[in-house]
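Enquirer: This is the structure I have questions about; it appears just below.
Numbering (the UniProt record's numbering), first residue to last: 1 to 143.
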């Protein structure tokens, strides 16, 4: 993960959940991922399906994120995003998939004249062969 510590308490709690789910092997299984276990974070979560050689697709897109960003991406490919955003996210998702480890970042952007800072945590979940099958992304506004 990035060298910066997580700041948002919900992201810290989710990261602890992910570590616990890894069990003795240290790799959380996508097959064991149950929405009920994630209820606390669901409105701020995105789930990305990462098929080998296939398009990265949004399997889930939380209600708070739909409201904040004005779009629901469920079932859509990241290729449908605007080029600058798509490039950043594709690199981020590919790094998590290829390195098989979490990542986090903080970013600021102008949203209709309102400068906002957000923190993202990306957590890989694995298939039985040990490849990243899904990426769980939690996004929380800091300011």
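For each residue, glycine too, the CB sits at the ideal point set by N, CA and C.
Everything numeric in this text was worked out from a predicted model, so none of it was measured.
Could you tell me which of 10, 15, 38, 93 sits nearest to residue 132, measuring between CA atoms?
Expert: Per the Cα distances, 93.
Enquirer: Taking the beta strand (DSSP E) that residue 133 falls in, what are its first and last residues?
Expert: Run containing residue 133: 132-141, per the beta strand (DSSP E) assignment.
Enquirer: Quick check on the DSSP output: what are the complete beta strand (DSSP E) runs of length 3 or more inside the region 23-78, in order along the chain?
Expert: 45-49, 57-61, all fully within the region 23-78.
Enquirer: Locate the alpha helix (DSSP H) running through residue 4, then write down its first and last residues.
Expert: Taken as a continuous stretch (DSSP letters only), residue 4 belongs to no alpha helix (DSSP H), as it is neither H nor E.
Enquirer: Helix, strand or coil: how does DSSP classify residue 128 here?
Expert: DSSP places residue 128 in coil when its eight states are reduced to three.
Enquirer: If you count every other CB in all the chains shown that lies within 10 Å of the CB of residue 107, and 16 or more means buried, which is it?
Expert: Per the 10 Å Cβ criterion, exposed.
Enquirer: Assuming residue 98 is part of the alpha helix (DSSP H), what are its boundary residues?
Expert: Residue 98 -> alpha helix (DSSP H) spans 83-99.
Enquirer: Report the rounded CA-to-CA distance for residue 32 versus residue 127, giving the unit in angstroms.
Expert: Approximately 10 Å, taken between the alpha carbons.
Enquirer: Judging by CA-CA distance, which residue of 118, 124, 135, 130 is the nearest neighbour of residue 10?
Expert: Minimum Cα distance to residue 10 is reached at 118.
Enquirer: Under the DSSP definition of a beta bridge, which residues are partnered with residue 121?
Expert: Answer by DSSP bridge pairing, in chain order: 104, 138.
Enquirer: Using the C-alpha atoms, what's the distance from residue 113 back to residue 50?
Expert: Distance between the alpha carbons of residue 50 and residue 113: 34 Å.
Enquirer: Grab me the residues of residue 73's own chain with a C-beta within less than 6 Å of its C-beta, minus the 5 sequence neighbours each way, in chain order.
Expert: 58, 61.
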